[in-house]
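Letter by letter, the sequence shown follows residues 1 to 597 of UniProt numbering.
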Amino acid sequence: MAVRVGEGTEIAKAALGQDGAGGVSVRGARGEPGRRAPERLRARLGDSRAARSIVGWRRRRRRGRVRSRRVWRAATMASWAALSPSIVEYFEGEDSYRCGYCKNESGSRSNGMWAHSMTVQDYQDLIDRGWRRSGKYVYKPVMNQTCCPQYTIRCRPLQFQPSKSHKKVLKKMLKFLAKGEISKGNCEDEPMEPTMEDTVAGDFGLINKLDIRCDLKTLSDDVKESFESEEKKKGRSPKKEESKELIQSQHIEEKLGSGEPSHPVKVHTAPKPERADLSKPPCRKAKEIRKERKRLKLMHQNPAGELAGFQAQGEPPSLFQPKANKSNQPKSLEDLIFESLPENASHKLEVRLVPVSFEDPEFKSSFSQSFSLYVKYQMAIHQDPPDECGKTEFTRFLCSSPLEAENPPHGPDCGYGSFHQQYWLDGRIIAVGVIDILPYCVSSVYLYYDPDYSFLSLGVYSALREIGFTRQLHQKTSQLSYYYMGFYIHSCPKMKYKGQYRPSDLLCPETYVWVPIEQCLSSLENSKYCRFNQDPEAVDEGRSKEPDRLQVFHRKAIMPYGIYKKQQKDPSEEAAVLQYAGLVGQVCSERMLLLRN
1 MAVRVGEGTE IAKAALGQDG AGGVSVRGAR GEPGRRAPER LRARLGDSRA
51 ARSIVGWRRR RRRGRVRSRR VWRAATMASW AALSPSIVEY FEGEDSYRCG
101 YCKNESGSRS NGMWAHSMTV QDYQDLIDRG WRRSGKYVYK PVMNQTCCPQ
151 YTIRCRPLQF QPSKSHKKVL KKMLKFLAKG EISKGNCEDE PMEPTMEDTV
201 AGDFGLINKL DIRCDLKTLS DDVKESFESE EKKKGRSPKK EESKELIQSQ
251 HIEEKLGSGE PSHPVKVHTA PKPERADLSK PPCRKAKEIR KERKRLKLMH
301 QNPAGELAGF QAQGEPPSLF QPKANKSNQP KSLEDLIFES LPENASHKLE
351 VRLVPVSFED PEFKSSFSQS FSLYVKYQMA IHQDPPDECG KTEFTRFLCS
401 SPLEAENPPH GPDCGYGSFH QQYWLDGRII AVGVIDILPY CVSSVYLYYD
451 PDYSFLSLGV YSALREIGFT RQLHQKTSQL SYYYMGFYIH SCPKMKYKGQ
501 YRPSDLLCPE TYVWVPIEQC LSSLENSKYC RFNQDPEAVD EGRSKEPDRL
551 QVFHRKAIMP YGIYKKQQKD PSEEAAVLQY AGLVGQVCSE RMLLLRN
């Protein structure tokens, strides 16, 4: 049922009373004749579309037009969704099941609930407490018990700078689109472990030392050979003293240019690929090294220090002053993604944002092609049998969302809700990124792609496009400034790649504050489960403090938990409700309706 933004909130206030303490039954208040329910509802709720819907269903049910209890319950859900769209059914206890990461048969543990409907704000607050959705099922890992703790991770796109490996992926796509060039390797062959340049992706000024080592000889040898070559051309051999003096000068230059103290240069072995040696100064680009080499040569030939062509007039002589020009500025993410293609480009790539709704014509028209791509991906990449990737599974997992679409005036042009970001290559879908657009973030849900195009590294490429998309949405909606990548699992090598998108933060599982990932990695090396907040006095500020204010939906009536618990005699019921309140927090427990049978 379509609901105008703001209408549901006002109706809910009327139904609950301004203080949220009153309960309204669709059947009518206790002690009053049921036949007067329509009049009472209209008096309390007004002549709104939601109220008319509820009253209409009551009439049809009394007349026998709705005989199925199951259908009637679903209709009641839809009616109450207009009053308070978030309606959840909590499954008490903890689920134990096979872990898809370490393959432990019963090691994965989580709490879960079924979301019949949910506002984007409620889901935003839930994922900021460690929850995650899979279709309409919303779950939260039991972090201190599960075999592979899953930490919510978010990237800060406004400060993001693509790493060297990210740039390679973007350039590979551009070459393919422009000239049809196909890379020899594919994304499956690329290491999932962070490489050195990925580990420092947030600092685009650093370059791979190993690349310099492969491309260049040591600077001293190069300068020495260059000097000897010049002397031979002039018909004389270089003097040992001059050569020695030049090499000493070069050693000093290396120390100054790298920021190291002026003691003899030591050769350090390269750090291991999975961790950058951040104690070392940034390396310089090969182009800068060649320029400095030429300056040294000119200095030796002209001791007066006149570096014609290298020094601007009026500036003091300096060997290491970088030239300020545009060519030295690194390209932004947008420059790399949207670089112009030639008119005769070999391929055309188009990215379309489609709402997840069977009422949307574009979603309906592309459903069959999107489903076929999903089946191909699941069978090729995850080796799923055909009976496990049918249309039912696809719809339930990737096309069914509890999020109610919202289009507030100050929100993004596309609105909030669940979307499929489709990648069309030459008129055919080759990848689909399932995303949720929420008040503060773009949340990545899933990606499936055509395995025939694995050589384009579509997993990395789509993540970079989604980061760029988040930056684009931020221009219209300033509070939308984060990109959520799901869960980070440090103990799973295939999941550690998410840490390469810097700067990024991990969610503390106890206090629910965000901590930069650099501050968390050392703790995760020692223990799978960690509290990232270093303040021992810090507590969960959003914890449930007044459980009696929790809203319960029971027998088609909304009531605070303080009233509901007086009607219940089962002690396990109270334990389940309080567990739910502790997991969702005080704010969500007061906004969302907890369905209890």
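Positions of the beta carbon are idealized from the N, C-alpha and C atoms, including for glycine.
Small disclaimer: the values here were computed from a predicted structure and weren't measured.
| query | result |
| --- | --- |
| Across the segment 153-164 and the segment 505-516, are there enough close Cβ pairs to call them in contact, namely three or more that are closer than 8 Å? | yes |
| May I ask which residues mark the beginning and end of the alpha helix (DSSP H) holding Glu-92? | Unbroken run through Glu-92 is the beta strand (DSSP E), 87-97; no alpha helix (DSSP H). |
| Mark residue 600 as exposed unless 16 or more other C-beta atoms lie within 10 angstroms of its C-beta, in which case mark it buried. | One cannot answer for residue 600 here, as it falls past the ends of the chain, which runs 1 to 597. |
| Taking three-plus beta-carbon pairs below 8 Å as touching, is the segment 417-436 in contact with the segment 156-170? | no |
| Compare the Cα-Cα distances from Pro-141 to each of Glu-404, Ser-368 and Glu-94 and report the closest residue. | Glu-94 |
| Here's the rule I'm using: 16 or more other beta-carbon atoms within 10 Å means buried, otherwise exposed. How should Asp-426 be labelled? | exposed |
| To test your reading of the DSSP string, which unbroken beta strand (DSSP E) runs of 3 or more residues are found completely within the segment 496-561? | 504-507, 514-516, 551-554 and 557-560 |
| For Lys-175, name the three-state secondary structure that DSSP assigns. | helix |
| Determine the extent of the alpha helix (DSSP H) in which His-116 is found, giving its start and end residues. | Run containing His-116: none in the alpha helix (DSSP H); it sits in the beta strand (DSSP E), 108-117. |
| Reducing DSSP to helix, strand and coil, say where Tyr-377 ends up. | helix |
| Going by C-alpha to C-alpha distance, which of Pro-342, Cys-441 and Gly-100 sits closest to Ser-481? | Cys-441 |
| Check whether the segment 452-469 touches the segment 164-174, taking contact to mean three or more Cβ pairs, one atom from each stretch, closer than 8 Å. | yes |
| Considering only DSSP beta bridges, list what Val-434 is partnered with. | His-420 and Tyr-446 |
| Tell me which residue opens and which closes the alpha helix (DSSP H) that Phe-487 is part of. | Not the alpha helix (DSSP H): Phe-487 falls in the beta strand (DSSP E), residues 482-488. |
| Decide if Leu-45 is buried, meaning its Cβ has at least 16 other Cβ atoms within 10 Å, or exposed. | With a pLDDT of 47 at Leu-45, under the threshold of 50, the predicted position of this residue should be treated as unreliable, though the coordinate-derived value follows. Per the 10 Å Cβ criterion, buried. |
| Report all residues from its chain with a CB closer than 6 Å to the CB of Glu-190; omit the five preceding and five following residues, and keep chain order. | Here the model assigns Glu-190 a pLDDT of 42, short of 50, so the residue's position is not dependable and the matter cannot be decided. |
| Going by DSSP, name the residue or residues bridged to Thr-152. | Phe-487 |
| Along the chain, where does the alpha helix (DSSP H) that runs through Val-354 open and close? | Taken as a continuous stretch (DSSP letters only), Val-354 belongs to no alpha helix (DSSP H), being part of the beta strand (DSSP E) at 349-355. |
| Answer yes or no: do Cys-593 and Gln-534 have a C-beta to C-beta separation smaller than 8 Å? | In the sequence under discussion, the amino acid at residue 593 is Leu, which differs from the Cys named in the question. Taking 8 Å as the Cβ cut-off, Leu-593 and Gln-534 do not qualify as a contacting pair. |
| With respect to the alpha helix (DSSP H) encompassing Arg-471, which residues constitute its N-terminal and C-terminal limits? | 458-476 |
| How is Val-138 classed by DSSP in three states: helix, strand or coil? | strand |
| Closest by CA to Pro-536, which one among Thr-511, Ile-558 and Asn-597? | Thr-511 |
| Could you tell me whether the segment 436-450 touches the segment 374-386, using the rule of 3 or more Cβ pairs below 8 Å? | yes |
| For Glu-406, which three-state DSSP category applies? | strand |
| Beta-carbon within less than 6 Å of Glu-350's beta-carbon, same chain only, minus the 5 sequence neighbours each way: which residues are those? | Trp-424 |
| So if DSSP puts Arg-132 in a beta bridge, which residue, or which two residues, is it bridged to? | Tyr-139 |
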